[in-house]
Amino acid sequence: MATTPASLAAAAAATAAPEPRGIRPPRAPVHRLRLRHHATRVGCSTVSVSTRPATTTTTTTTRSQPPPPQPPQAAEPLQRRWGPTERRKGADILVEALGRCGVRDVFGYPGGASMEIHQALTRSPAIRNHLLLHEQGEAFAASGYARSSGRPGVCVATSGPGATNLVSALADAHLDSVPLVAITGQVPRRMIGTDAFQETPIVELTRSITKHNYLVLDVDDIPRVINEAFFLATTGRPGPVLVDIPKDIQQQMAKPSPPPPPPPPTMATTAAAAAAALSAAATAKTGRKNHQRHHVLPARGRVGAAAVRCSAVSPVTPPSPAPPATPLRPWGPAEPRKGADILVEALERCGVSDVFAYPGGASMEIHQALTRSPVITNHLFRHEQGEAFAASGYARASGRVGVCVATSGPGATNLVSALADALLDSVPMVAITGQVPRRMIGTDAFQETPIVEVTRSITKHNYLVLDVEDIPRVIQEAFFLASSGRPGPVLVDIPKDIQQQMAVPVWDTSMNLPGYIARLPKPPATELLEQVLRLVGESRRPILYVGGGCSASGDELRWFVELTGIPVTTTLMGLGNFPSDDPLSLRMLGMHGTVYANYAVDKADLLLAFGVRFDDRVTGKIEAFASRAKIVHIDIDPAEIGKNKQPHVSICADVKLALQGLNALLQQSTTKTSSDFSAWHNELDQQKREFPLGYKTFGEEIPPQYAIQVLDELTKGEAIIATGVGQHQMWAAQYYTYKRPRQWLSSAGLGAMGFGLPAAAGASVANPGVTVVDIDGDGSFLMNIQELALIRIENLPVKVMVLNNQHLGMVVQWEDRFYKANRAHTYLGNPECESEIYPDFVTIAKGFNIPAVRVTKKSEVRAAIKKMLETPGPYLLDIIVPHQEHVLPMIPSGGAFKDMILDGDGRTVY
1 MATTPASLAA
11 AAAATAAPEP
21 RGIRPPRAPV
31 HRLRLRHHAT
41 RVGCSTVSVS
51 TRPATTTTTT
61 TTRSQPPPPQ
71 PPQAAEPLQR
81 RWGPTERRKG
91 ADILVEALGR
101 CGVRDVFGYP
111 GGASMEIHQA
121 LTRSPAIRNH
131 LLLHEQGEAF
141 AASGYARSSG
151 RPGVCVATSG
161 PGATNLVSAL
171 ADAHLDSVPL
181 VAITGQVPRR
191 MIGTDAFQET
201 PIVELTRSIT
211 KHNYLVLDVD
221 DIPRVINEAF
231 FLATTGRPGP
241 VLVDIPKDIQ
251 QQMAKPSPPP
261 PPPPPTMATT
271 AAAAAAALSA
281 AATAKTGRKN
291 HQRHHVLPAR
301 GRVGAAAVRC
311 SAVSPVTPPS
321 PAPPATPLRP
331 WGPAEPRKGA
341 DILVEALERC
351 GVSDVFAYPG
361 GASMEIHQAL
371 TRSPVITNHL
381 FRHEQGEAFA
391 ASGYARASGR
401 VGVCVATSGP
411 GATNLVSALA
421 DALLDSVPMV
431 AITGQVPRRM
441 IGTDAFQETP
451 IVEVTRSITK
461 HNYLVLDVED
471 IPRVIQEAFF
481 LASSGRPGPV
491 LVDIPKDIQQ
501 QMAVPVWDTS
511 MNLPGYIARL
521 PKPPATELLE
531 QVLRLVGESR
541 RPILYVGGGC
551 SASGDELRWF
561 VELTGIPVTT
571 TLMGLGNFPS
581 DDPLSLRMLG
591 MHGTVYANYA
601 VDKADLLLAF
611 GVRFDDRVTG
621 KIEAFASRAK
631 IVHIDIDPAE
641 IGKNKQPHVS
651 ICADVKLALQ
661 GLNALLQQST
671 TKTSSDFSAW
681 HNELDQQKRE
691 FPLGYKTFGE
701 EIPPQYAIQV
711 LDELTKGEAI
721 IATGVGQHQM
731 WAAQYYTYKR
741 PRQWLSSAGL
751 GAMGFGLPAA
761 AGASVANPGV
771 TVVDIDGDGS
781 FLMNIQELAL
791 IRIENLPVKV
801 MVLNNQHLGM
811 VVQWEDRFYK
821 ANRAHTYLGN
831 PECESEIYPD
841 FVTIAKGFNI
851 PAVRVTKKSE
861 VRAAIKKMLE
871 TPGPYLLDII
881 VPHQEHVLPM
891 IPSGGAFKDM
901 ILDGDGRTVY
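Be aware that the sequence shown starts at 1, since it is given in the UniProt record's numbering, and climbs by one per residue.
Take a look at the structure:
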């Protein structure tokens, strides 16, 4: 029998002890506290990486085989070191509140905004966390737990993609009346509304698919909110309740308020209590005794089923020849055709040649119409989230609008994470969803979800099409909205009866967007551009801070730098917009940016911010960011001007037009076009020499940075690179050389794990024949591993290079630095056999008929990567790396340049 999240949860619920009256005795923790392996430094060497990869220097000492990892030390007793009235963190108050509600099993996947909750769970003597490998899986497991036990299921997820991955399960629980309490981490309160890293308005997003939801803004409210959440989830018609808790609330110290009486633990007792209360009220009103009849149902016996003998297998007859083919579209231009065919023709007229679609009941008509298209190819991914990330990868790598199609209900909700990701990263996407017929909307029909309401806060615009004649106009508007101004995702929801309705399309219908068009930015004023150049002329330490908004203006940017001589640093989204091997490149800035890039911003007297949004992972402590500099901000989105950092000069315009104007003014000028910034260049070159990117080696252990360096050398920096999210993402940003725009594909704003493989496949579709490499982590890769099927079936040249450390590496790094290395559900291997690599990606890949190899020694890496690149079609390379490695440099969240961490790893005690 197949094992699913729901079946695992049902087994956990079935084997659980009867409901306790209080908190049950402590249970033996299952791998709650995992101490780091204290590896002896053997054959240690230091590798320094200069800004020019060709000049990488390595200093190697005697190398020997590292000893096997030592077993974990005995863990301290799990206990809470405070009395009932003493102060403790909000996360501990939350976990205690769950315990008082009778919770003993939760399903949680850790992340940055939920780390405190997971740390608190390791201190709980009563609650056990079950680590599933995807937030959607954990939520369905909680649902299976609730369905099979009658007790509320509890799931915990981080902010951003962790929260959006719960949406399908919440919608499912809402329709099926399943008592579910979903607890999500959120960015700190001061960052809400700033588009911070992994920020998603999950309360707004889930309002129409939950029974109730909360955003906790006061730590003292946690006991009451949890008590209410369980009461709401289990009383009346059961359903899901979401509780969103900012990280600073989780960290805040407080004394828990006296707990209110917990709600009844099960749906049955709740219903009985409610019935008894109603009965008592009726008796008091009428003064009569209420005689109740008790009906006892006979016990169900097993129904004896007669044995059925299987019939013999008849010989296979050869299939009859196919009927003669008919024309794909047997109608003329003025003849009626189905709404689905009008939709597909409208996509063709918008230049679409590839769509990413997974069929279902409410989208079958669209798929049938796609088979009649002579122009459009559908790429069948194996999950709607995979198809949506593929559409995003297609758009990022090509600049064209990516199109995905999904059915109603779970098909539509599975797109949510990718839509939120596209909104934060300004990716042009059009998502088309099927919907139940118009007459069934609002009736809770099968697979009905109000996807327009769900996605309103995470799309640029969305439509519900209620007239077949609107399809040509709506599709034209959707593509215009997605690709104009600041790009973003647009959703079009089309009921099934509209898809089936016959009509004659009118193609020359004009768009109806007067307000939007009127608000589009105008070309930049010449006087503002001249003011920018005056500031450049007056400065002595200028710096260009370049983001994803410059992806369409790489040529103009390079020409501007050549004319002015201003050094350039890029954001994570801006990698490749300026060649990272250029002498004036400072590579990436921010939390894991280079020392010299962050130094330049800290010391600059002029900051030219082009196509950026002053994200928290770049700025850190916003007051200290570029505090000595005058700031010029050019961006196409007026909402970003002054939102996080107030500029001295702001220009709301297309960066491409602004750079063209600046270059024209520089070329027309009769004075010297390039100021003398040689002293500034020398100062930054000195920083490059003093603080190069570097790492240490330990015998034959494979440094993940080294593997990426070798990949860079063998591909000559020409491959398209996609990544998941985590440590491997940062190393790929640091150690690969990006030479052109649209070469780097990563979920930067939302930080969605599982992005890498489908995005790489989408990029390969957009760039036929070009080598695309997915540099992934084992945790991220597992989240959409099913898309190995697509790259095999279509024989795409997608190479998957997994940096496998058996852990959630970035969360482990924070545990090492800030939580005394307490492992709170971050080990992804098999705790009963830590010496084996689990799961076996090589075997899994071979199941998809994809060649795969595992390497465990540094001396094997170069040959393995060379073979990967030379093998036609898809390939998987599983590189085993130490989990103690840290991404450095690192500026702690909310810190400034002076707080930068330059050394250390998981082998060090902090």
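All C-beta atoms, glycine included, are put in the ideal place defined by N, C-alpha and C. Keep in mind that this is a model prediction, so the values were computed, not measured.
Apart from sequence neighbours up to five positions away, the residues of its chain that approach R88 with a beta-carbon distance below 6 Å are W82, ordered along the chain. Between I366 and V405, the CB-CB gap stays under 8 Å. In the structure shown, the three-state DSSP call for K820 is coil. Take A629, set aside five residues on each side of it, and the residues of its chain with a beta-carbon closer than 6 Å to its own are A604, D605, L606 and L607, in chain order. Take the alpha-carbon of L557 and the one of R587: they are about 15 Å apart. Residue range M429 to Q435 is occupied by the beta strand (DSSP E) that includes G434.
Between F755 and F389, the C-beta spacing is below 8 Å. Secondary-structure assignment with DSSP links V802 through a beta bridge to D776 and D878.
Across the set I441, E384, L584 and A397, the C-alpha of E384 shows the shortest separation from the C-alpha of A418. Secondary structure within the region 478-510: the beta strand (DSSP E) runs of 3 or more consecutive residues, fully enclosed, are 489-495 (chain order). Looking at the backbone, the Cα of D493 and that of L464 are separated by about 5 Å.
Listed as beta-bridge partners of V416 by DSSP are no residues whatsoever. By the Cβ neighbour-count rule, S114 is buried, with 16 or more other Cβ atoms within 10 Å of its own.
Cβ-Cβ separation between L544 and F610: approximately 7 Å, consistent with a contact (criterion under 8 Å). Counted as a single uninterrupted DSSP element, the stretch harbouring V352 is not any alpha helix (DSSP H), since DSSP gives it neither H nor E.
By the CB criterion at 8 Å, A503 and P638 fall outside the cutoff. Here V352 has I376 and V403 as same chain residues with Cβ atoms under 7 Å from its own Cβ, once five neighbours each way along the sequence are excluded. Spatial neighbours of L466 in its own chain (CB-CB distance under 8 Å, excluding positions within 5 residues in sequence) are listed in chain order as R438, P495 and I498. Residue pairing by DSSP puts M890 in a beta bridge opposite I901. Nearest Cα to V355 within the set Y394, T509, K716 and Q501: Y394. In the displayed model, M753 falls within coil according to three-state DSSP, outside both helix and strand. A distance below 6 Å between beta-carbons, with the five flanking residues on each side excluded, links I93 to the following residues of its chain, in chain order: I222 and P256.
If you draw a 10 Å sphere on the C-beta of M253, you find fewer than 16 other C-beta atoms in it, and that means exposed. The beta carbons of T200 and I451 sit no closer together than 8 Å.
DSSP, read as helix, strand or coil, puts R854 in strand. Taking the C-beta atoms as reference points, H728 is found nearer than 8 Å to D776.
Residue E794 holds the alpha-carbon nearest to the alpha-carbon of N849 among E794, D616 and P374. A distance below 6 Å between beta-carbons, with the five flanking residues on each side excluded, links A766 to the following residues of its chain, in chain order: Y394, A397 and S398. In this structure, Q743 lies near I720, with their beta-carbon atoms less than 8 Å apart. By the criterion of at least three beta-carbon pairs nearer than 8 Å, the region 636-655 is in contact with the region 613-622. In the structure shown, C833 adopts coil according to DSSP, grouped into three states.
For N462, the uninterrupted beta strand (DSSP E) segment begins and ends at H461 to L464. In the DSSP assignment, S373 falls outside any alpha helix (DSSP H), carrying neither H nor E. No residue range can be given for S553, since it is assigned to no beta strand (DSSP E) and is classified by DSSP as neither H nor E. Straight across, the Cα-Cα distance linking R473 with G515 is about 16 Å. Of P152, Y738 and M730, the smallest CA-CA separation from G717 is found for Y738.
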